[in-house]
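Line order of the protein sequences matches chains A and B. In terms of my numbering, the first sequence opens at residue 1 and continues consecutively. In terms of my numbering, the second sequence opens at residue 1 and continues consecutively. From the three backbone atoms N, C-alpha and C, an ideal C-beta is built for every residue, glycine too.
There are 2 protein chains.
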Amino acid sequence: MHSRGMASDIQERIKKLIVDRRLPSGAPLPTETDLMELFGVSRNSVREALKALQAMGIVEIRHGFGTYVGPMSMAPMIEGLTFRTVAGHYRGEDSLLQLLELREAVETGLIARLAGRVPAADLAELDALVSRMEEEAAGGAVRADTDRAFHAALYRGLDNLLLSEVLEAFWDAFHRVRTDLVEAPQPDPETTCRQHREILEAVRSGDATRAEEAVRDHFGNIRTRLRSARYAR
Amino acid sequence: MHSRGMASDIQERIKKLIVDRRLPSGAPLPTETDLMELFGVSRNSVREALKALQAMGIVEIRHGFGTYVGPMSMAPMIEGLTFRTVAGHYRGEDSLLQLLELREAVETGLIARLAGRVPAADLAELDALVSRMEEEAAGGAVRADTDRAFHAALYRGLDNLLLSEVLEAFWDAFHRVRTDLVEAPQPDPETTCRQHREILEAVRSGDATRAEEAVRDHFGNIRTRLRSARYAR
DNA sequence: AGAGTCAGCTGCTCTAACCAACTGAGCTAG
DNA sequence: CTAGCTCAGTTGGTTAGAGCAGCTGACTCT
């Protein structure tokens, strides 16, 4: 019955409550006191269950206000991937490279599926993003946000929100670990711009092979810089 | 300082402790009492932090024995994806279909990268798995385990453990939701076998286009069955 | 020497009290 | 009459102490 303990039991019950009542993201949950009475357990146990659910993004707690159904985003996955990568890194594994290779494998795989099928609106946005990238490059370095936005806009054409979120999660985790740990040589802004421009044009032309090559080049560039990095700490 | 609260603060400190001491998976952590004294907080706060870390798979708690560094597997991601999908489903979203499309997009993207590059040992294992599948099909239905093993063995050739774990996580989440929620018509075992055989042969022959087509067919089959499903509850 | 027992660790749950953040109704000043 | 302030009430956050429950290993009895 309570084979995994009381707190774990309560987690399941709260999840069930959300499902049974068809509660959408942002809907209010019962107060801690209500949950105590509802499940017949102490406040402490309720709180431990809520903390665990909060860590999974299933629940959102606002001090002095109440508890709500969480956004169910990929944020916890980012946290987990980030920590896993950082911990692995400090134990001497090439975990950051592995994470980059994950992104490379998935994105090069998806780009062919996308060639020639990007909506005009997204193409326009990608044009604007590459332009902004070139402006920033002239000023010294490309902002990380811009790169993120490019990749996000690119795969938006696949028309799968879940997939987009997963890709963004991978990007976020990689970027967070990279900025935390690595003293990589500053990427050559011009090369970065040229490669993004090439990806865009390849996708626009509908040439799947060329697009795949372009993405592979882009990641190859990042990988080379990463390999030659001096690690912080 | 403690902008996100004490418990959140302690989570970070415990994570830092794991990183700083280079603790590998399975290494023992200080006891709750030790952590109380170490951080100067109450038992309760320590426990809430540990529960959250446990939910993320960073920590593993064994009653009466101690607390240990967790396996850092993708298990929490599976949990999160599963719940997200189930909750979305009950709110009338096509979340399960979306999850299947995520798998389809990623796997069809990766298969081209794999064609003609699967190690002989893996090909032999895949042969054995399809054979087992055919035996099971003769007995009525293909076991889910066998399908899982096939997909796992297939992408093992990409030689990226992280990628393999992510793909298996997607498989697990999909399968869990499917068996929980859906009364889908039993897949025709023979069709399933033939499609897996075709994927294997396409990959063996090194024909990337054919392999991609084979995977797309396979997922198309699953998708069709899913669309015609009667949902449980 | 082997099997059973128990002391001691460990984490688990409960109770009770007080602290801190936020909301909203009501009061006050303009 | 309205804009702004204040304060009471609600909700989550934290602490403290007590006892329960599961596991291990050494000790004891056969």
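Taking just the CA atoms, how far does residue j sit from residue i?
i         : j         : result
His89(B)  : Ser95(B)  : 6 Å
Glu136(A) : Arg148(A) : 14 Å
Met36(B)  : Asp34(A)  : 29 Å
Leu142(A) : Leu53(B)  : The sequence given here has Val at residue 142(A), not Leu. Cα-Cα distance, rounded: 35 Å.
Ser25(B)  : Arg62(B)  : 14 Å
Gly70(B)  : Ala169(A) : 22 Å
Ala75(A)  : Arg132(B) : 39 Å
Ser243(B) : Pro185(B) : Residue 243(B) is absent from the model: chain B starts at 1 and stops at 233.
Glu48(B)  : Gly64(A)  : 18 Å
Arg233(B) : His151(A) : Unreliable placement is indicated for Arg233(B), whose pLDDT of 49 sits below 50; the coordinate value is still reported in the next sentence. Cα to Cα, the separation comes out at about 39 Å.
Gln236(B) : Arg178(B) : Residue 236(B) is absent from the model: chain B starts at 1 and stops at 233.
Asp127(A) : Tyr155(A) : 14 Å
Ala55(A)  : Met56(B)  : 7 Å
Gly140(B) : Pro189(B) : 7 Å
Lys15(B)  : Glu183(B) : 43 Å
Ala112(A) : Val166(A) : 18 Å
Leu161(B) : Arg4(A)   : 29 Å
Excluding the 5 residues preceding and the 5 following residue i in the sequence, name in chain order all residues of the same chain whose CB lies nearer than 6 Å to its CB.
i         : result
Ala214(B) : Glu198, Ile199, Ala202
Arg84(B)  : none
Arg216(A) : Thr108
Glu104(A) : Phe219
Could you tell me which of the options sits nearest to residue i, measuring between CA atoms?
i         : options                                    : result
Leu158(A) : Gly116(A), Glu190(A), Gly57(A), Pro187(A)  : Gly116(A)
Ala153(A) : Ser45(A), Leu114(A), Pro76(A), Gly5(A)     : Leu114(A)
Ser73(B)  : His218(B), Leu100(B), Leu226(B), Asp172(B) : Asp172(B)
Val106(B) : Asp20(B), Leu163(B), Ala120(B)             : Leu163(B)
Thr146(B) : Cys193(B), Leu129(B), Thr209(B)            : Leu129(B)
Leu181(A) : Ala112(A), Ala229(A), Val46(A), Ser45(A)   : Ala229(A)
Ala87(A)  : Ala138(B), Val59(B), Ala208(B), Thr209(B)  : Val59(B)
Leu123(B) : Arg204(B), Glu134(B), Leu161(B)            : Arg204(B)
Ile18(A)  : Arg216(A), Glu212(A), Tyr68(A)             : Tyr68(A)
Thr82(B)  : Asn160(A), Glu12(A), Ile111(A)             : Glu12(A)
Arg21(B)  : Gly92(A), Leu38(A), Gly80(A), Arg22(A)     : Gly92(A)
Ala7(A)   : Lys51(A), Leu161(A), Leu38(A)              : Lys51(A)
Using a Cβ-Cβ cutoff of less than 8 Å, which residues in the same chain neighbour residue i once the five nearest sequence positions on both sides are dropped?
i         : result
Gly66(B)  : Pro28, Leu29, Thr31
Leu100(B) : Phe174, Phe219, Ile222, Arg223, Leu226
Leu102(A) : Phe170
Val118(B) : Leu126, Leu154, Gly157, Val203, Arg204
CB-CB under 7 Å to residue i, same chain, minus the five flanking residues each way: which ones, in chain order?
i         : result
Thr191(A) : Asn221
Ala144(A) : His175
Gly206(B) : Ala115, Gly116
Ile78(A)  : Ala169, Asp172, Ala173
Glu134(B) : Cys193
Glu212(A) : Thr108, Ile111, Ala112
Name, in chain order, the residues that DSSP records as bridge partners for residue i.
i        : result
Gly66(A) : Arg62(A)
Pro28(B) : Tyr68(B)
For this session: Could you name each continuous alpha helix (DSSP H) segment of 4 residues or more that falls completely within the segment 84 to 152 of chain A, going from the start of the chain to the end?
Result: Given a length threshold of 4 residues, each whole run of the alpha helix (DSSP H) inside the segment 84 to 152 of chain A is given here in chain order: 95 to 114, 120 to 138.
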